[in-house]
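Asker:
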Amino acid sequence: SVGNLQQAVSNASEDITQASESLDEIDRELKKLDDTTDNADLSKAVDDLQAGVTGVRKSIEAGDATPDITPVTDAATEIGKVCSP
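Under the working numbering, read the sequence shown as residues 155 to 239, first letter to last.
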């Protein structure tokens, strides 16, 4: 979840594996969500979140102990809005 990612990123300088595992979990959930929706707005939000996750992953792999996760949290918020009745 995004909350797990936020926690993992805050601890990334101590345990990079935790951040990577959180990103992997988000990737798996996004794949499931993308495979089961035909909602254009939701698909766009999922794409944005996947792009954010990719950016965070690249930053972490490049040694950034405090990557910017704003694109991830923004896209997750948008998914929440789209999924709310």
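Built from N, CA and C at the ideal position, the CB exists for glycine as well. Please read all numbers here as calculations on a predicted model, not as lab measurements.
Tell me whether ASP195, by its Cβ, gets closer than 7 Å to a heavy atom of the ligand FMN.
Answerer: For the ligand FMN, the structure offers nothing, since it holds no ligand at all.
Asker: So, under 8 Å CB-CB, VAL200 and ILE180 are touching, yes? Tell me the CB distance rounded to an integer number of Å.
Answerer: Counting from 1 along the sequence shown, the entry for residue 200 is found at position 46. Counting from 1 along the sequence shown, the entry for residue 180 is found at position 26. About 11 Å separates the two Cβ atoms, so there is no contact after all.
Asker: Thinking VAL147 and LEU187 are a contact (beta carbons under 8 Å), I'd like their distance in whole angstroms, please.
Answerer: A query on residue 147 cannot be resolved here, the shown segment of the chain reaching from 155 to 239 and no further.
Asker: Distance, Cα to Cα, LEU184 vs ASP202?
Answerer: For the purposes of this step, residue 184 is identified with residue 30 of the sequence shown, where counting begins at 1. For the purposes of this step, residue 202 is identified with residue 48 of the sequence shown, where counting begins at 1. Cα-Cα distance, rounded: 11 Å.
Asker: Are ILE223 and SER174 closer than 8 Å when you measure CB to CB?
Answerer: Stepping through the sequence shown from its first residue, residue 223 is reached at position 69. Stepping through the sequence shown from its first residue, residue 174 is reached at position 20. No. Outside cutoff.
Asker: Sort SER238, ARG211 and ILE170 by Cα distance to PRO225 and report the nearest one.
Answerer: If you number the sequence shown from 1, residue 225 lands on position 71. Comparing Cα-Cα distances from PRO225 to each of SER238, ARG211 and ILE170, the minimum goes to ARG211.
Asker: Excluding sequence positions up to five away, which residues of its chain have a Cβ less than 7 Å from the Cβ of LEU177?
Answerer: Position 23 of the sequence shown, counted from the start, is the residue given in the question as residue 177. Same-chain partners within the cutoff: LEU159, VAL207, VAL210 and ARG211.
Asker: Under 7 Å Cβ to Cβ from ILE170, same chain only, skipping five residues before and after it: list those, please.
Answerer: Translated into positions along the sequence shown, residue 170 becomes position 16. Excluding positions up to five away in sequence, the list reads ILE214.
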